[in-house]
Each structure stands twice: as structure tokens, then as C-alpha cells.
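**Q**
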Amino acid sequence: KQEVTQIPAALSVPEGENLVLNCSFTDSAIYNLQWFRQDPGKGLTSLLLIQSSQREQTSGRLNASLDKSSGRSTLYIAASQPGDSATYLCAVSRTGNQFYFGTGTSLTVIP
Amino acid sequence: EAEVAQSPRYKITEKSQAVAFWCDPISGHATLYWYRQILGQGPELLVQFQDESVVDDSQLPKDRFSAERLKGVDSTLKIQPAELGDSAMYLCASSFRQVRYNEQFFGPGTRLTVL
Numbered sequence: 038k039q040e041v042t043q044i045p046a047a048l049s050v051p052e053g054e055n056l057v058l059n060c061s062f063t064d065s066a067i068y069n070l071q072w073f074r075q076d077p078g079k080g081l082t083s084l085l086l087i088q089s090s091q092r093e094q095t096s097g098r099l100n101a102s103l104d105k106s107s108g109r110s111t112l113y114i115a116a117s118q119p120g121d122s123a124t125y126l127c128a129v130s131r132t133g134n135q136f137y138f139g140t141g142t143s144l145t146v147i148p
Numbered sequence: 508e509a510e511v512a513q514s515p516r517y518k519i520t521e522k523s524q525a526v527a528f529w530c531d532p533i534s535g536h537a538t539l540y541w542y543r544q545i546l547g548q549g550p551e552l553l554v555q556f557q558d559e560s561v562v563d564d565s566q567l568p569k570d571r572f573s574a575e576r577l578k579g580v581d582s583t584l585k586i587q588p589a590e591l592g593d594s595a596m597y598l599c600a601s602s603f604r605q606v607r608y609n610e611q612f613f614g615p616g617t618r619l620t621v622l
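The listed protein sequences correspond, in order, to chains A and B.
Read in order, the letters of the first sequence correspond to residues 38 to 148 in our numbering.
Read in order, the letters of the second sequence correspond to residues 508 to 622 in our numbering.
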């Protein structure tokens, strides 16, 4: 079974700082990796999808990278804002069409 | 913008009662997923549909949980009888095709509390 780990579990940064969230997975035979944002008590919002053949994807202040061979992905958030405060989840898909989720990183951006 | 709809948003029930959750995926999305998310954890897949067919229900507790997608569009997840340990967020998601090709889009979820 695919194991997905996210470190750190919680992160607190001052507004304006650049930050990196980490995601690692045990089985490199993935089809794609998706980063999500989840606000308290709410559903998941898709941020970025990286196919296994890609190295990175960018959307606004967000940049996600994928190193499939080492089983790692990072989500880079530039110039963080208080509105970025949420839990960030990564998920990987592999054979069987199932997504395996990490437990998330809870981000707090302090004004 | 198209969204995945779920209802109800919140449900409080007593143990041994029956509960049902409804999901309407984004129009045209053939693949529908039900997930359960316990507080502080990532979502875990319960069941996956491709059109009206179940393609993965290996993690669904079939003694008490059932799911259907009769016409290949909206879907219902039922729990009967509910147990205390079923308290969680139930999330529905859809994708145009299988996840290996496409993004998953999630609904707002149903927060279930079993007393």
C-alpha cells in the first residue's frame, strides 16, 4: 500500500514569508500527484495537479515540484498571506485508480 | 463554475439509526468517489464508481454501508445502523475520467455526528 507522509504537521510563519511544504511517498510508480487546500470544516479545493511525466506546475504564487524517483513533492508558496492559512494535503494516484492522501500540513500565516 | 454538490451539510443522529448522504457530481464526470475523513487525518476512499458501476469498494464496511449510483449521475451513501465510530466528514469527489488522467474535484462534505 502506498504511504504518503507530510512534514511538518503544522507550520506558523509571519506574513510575507516564502515557505515550502513537503510530501513524500513510498511507491514511485505513480500516475500523478495533486495538492489540495482544506479550510476548517470544509471540503478540499484542488490547487495543482502534476502528471508523472512533469517536473513542476505553477499557479499564481504556488509552485509544485515532483521528483518521482526519490518519492518527493514540494509545494512552494511565495509571499504568504493570512488568507493562505489552511491545511494543505497532497495525494498520489497509482494502479487501481485510487488516490492516497497524506495527513496534511496545517499552515498559519500571522499578520 | 461547476461544483460538486452534497447534502446535507451536517447530520446529527443517534447510534443504531440510519443515515443517508447525497452527492451530485460535476456534469459530465463519469467517475465518482466517496471518501471518509476523520478529524486530523487525510481522506480515505470508501467507494469509487465509473458511471453506474462500482470499480473499488474494498474499504467500504459492507455490513453497514451501502452506496449506489443508479443512473450514473448522482449517488447516495447509506449507513445502517450508524455507530459512534462513524462520526467523520464524508466527502464526495468527481473526475472526468479515472484519476490517473484527471483532477479530482471535491464537494463541501457532510459532517456526521453520531451520539
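C-beta: ideal position from N, C-alpha, C; glycine also.
Predicted, not measured: the structure shown is a model, and the values here were computed from it.
Give the interface partners of Gln135(A) over in chain B, defined as CB-CB distance under 8 Å, in chain order.
**A** Taking the first residue of the first sequence as position 1, residue 135(A) is located at position 98. What Gln135(A) touches in chain B: Leu552, Gln555, Asp563 and Val606.
**Q** For the beta strand (DSSP E) that Phe603(B) lies in, which residues bound it at each end?
**A** Position 96 of the second sequence, counting from 1, holds the residue named residue 603(B). It is not in any beta strand (DSSP E) - Phe603(B) carries neither H nor E in the DSSP assignment.
**Q** Check the Cβ of Glu521(B) against every Cβ in chain A and list those closer than 7 Å, keeping chain order.
**A** If you number the second sequence from 1, residue 521(B) lands on position 14. Residues of chain A passing the Cβ test: none, with the nearest at roughly 22 Å.
**Q** Return helix, strand or coil for Asp104(A), following the three-state DSSP convention.
**A** Counted from its first residue, the first sequence places residue 104(A) at position 67. Strand at Asp104(A).
**Q** What is the rounded straight-line gap between the Cα of Arg571(B) and the Cα of Asn55(A)?
**A** The residue you call residue 571(B) lines up with position 64 of the second sequence. The residue you call residue 55(A) lines up with position 18 of the first sequence. When rounded, the distance between both Cα atoms is 47 Å.
**Q** So Leu86(A) contacts chain B; which residues on that side make the cut at Cβ distance below 7 Å?
**A** Numbered from its first residue, the first sequence carries residue 86(A) at position 49. By Cβ distance, chain B contributes Glu610.
**Q** Taking C-alpha atoms, which residue in Gly120(A), Arg109(A) and Val146(A) lies nearest to Glu40(A)?
**A** Sequence index remark: in the first sequence, residue 40(A) carries index 3 (1-based). The residue with the shortest Cα to Cα distance from Glu40(A) is Arg109(A).
**Q** What residues in its chain sit with their C-beta under 7 Å from that of Val146(A), if we drop five residues either side in the sequence?
**A** Counted from its first residue, the first sequence places residue 146(A) at position 109. For Val146(A), where only same-chain residues beyond five positions count, the Cβ hits under 7 Å are Val50, Glu52, Ser117, Gln118, Pro119, Asp121 and Ser122.
**Q** Taking the straight line between their C-alpha atoms, what separation do you get for Leu58(A) and Gln71(A)?
**A** Working through the first sequence from its first residue, we reach residue 58(A) at position 21. Working through the first sequence from its first residue, we reach residue 71(A) at position 34. Those two C-alpha atoms are separated by around 13 Å.
**Q** Starting from the beta carbon of Leu598(B), find every residue of chain A whose beta carbon is closer than 9 Å, and list them in chain order.
**A** Locating residue 598(B) in the second sequence gives position 91, counting from the first residue. What Leu598(B) touches in chain A: Gly80 and Leu81.
**Q** Closer than 8 Å by beta-carbon distance: list the chain B residues that pair up with Gly108(A), in chain order.
**A** To locate residue 108(A), count along the first sequence from 1; it is residue 71. Within 8 Å Cβ-Cβ: nothing; Gly108(A) doesn't reach chain B, min ~17 Å.
**Q** Touch check for the region 589-600 of chain B and the region 515-523 of chain B: three-plus C-beta pairs under 8 Å?
**A** Contact between the region 589-600 of chain B and the region 515-523 of chain B is present, with at least three C-beta pairs closer than 8 Å.
**Q** In whole angstroms, what is the alpha-carbon distance linking Leu84(A) and Arg74(A)?
**A** In the first sequence, counting from the first residue as 1, residue 84(A) sits at position 47. In the first sequence, counting from the first residue as 1, residue 74(A) sits at position 37. Near 7 Å, if we compare the C-alpha coordinates of Arg74(A) and Leu84(A).
**Q** Return the chain-ordered ranges of every beta strand (DSSP E) run that is complete within the region 49-127 of chain A and spans a minimum of 3 residues.
**A** 56-62, 69-75, 81-88, 93-96, 99-104 and 109-114
**Q** Counting only beta-carbon separations shorter than 8 Å, does Phe62(A) have a partner in chain B?
**A** What you label residue 62(A) is simply residue 25 of the first sequence in a count that begins at 1. It does not; no Cβ of chain B falls within 8 Å.
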